[in-house]
Amino acid sequence: MAHGGTSLSGGAGGEDVTTALLRALGPRLSQLEYAVPEQDPRIPLDRIPARVRSGFAIEAVRVPAAAHLSGRTAG
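Structure (structure tokens):
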């Protein structure tokens, strides 16, 4: 069965869009400042899919002033 997208890697449909989004947003997201509150890192193996109990939460997210200004585009 064929899937959407034009990926040459054989990935899922929409892979090209996802890759483009991550390339565009990755540098901006990496500049964020945030706090990681106490969390439950245990992974219950009787749950599918197995994942950290509390997920991964962040708080007090802040864009540093220099990063905020450099991310603006003209026009």
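Per my numbering, the very first residue in the sequence shown carries number 4; after that it's consecutive. Glycine is no exception: its CB is placed at the ideal position from the N, C-alpha and C atoms.
Among the options, nearest to residue i - alpha-carbon criterion
| i | options | result |
| --- | --- | --- |
| G46 | A38, G17, S33, R56 | Gly is not the amino acid found at residue 46; the sequence shown has Ile there. Per the Cα distances, R56. |
| T65 | S33, P44, P52 | In the sequence as presented, Thr is not what sits at residue 65; that position holds Arg. It is S33 whose Cα lies nearest to the Cα of R65. |
| A68 | P30, E36, R54, G58 | E36 |
Beta carbon of residue i nearer than 9 Å to that of residue j
| i | j | result |
| --- | --- | --- |
| A23 | Q42 | no |
Whole-angstrom distance between residue j and residue i, CA atom to CA atom
| i | j | result |
| --- | --- | --- |
| L25 | G16 | 16 Å |
| L28 | A38 | 20 Å |
| G58 | I51 | 14 Å |
Under the three-state DSSP convention, the category residue i falls into
| i | result |
| --- | --- |
| A53 | coil |
| V64 | strand |
| E18 | helix |
Expected contact under 8 Å - CB spacing of residue i and residue j to nearest Å
| i | j | result |
| --- | --- | --- |
| E62 | P40 | 6 Å |
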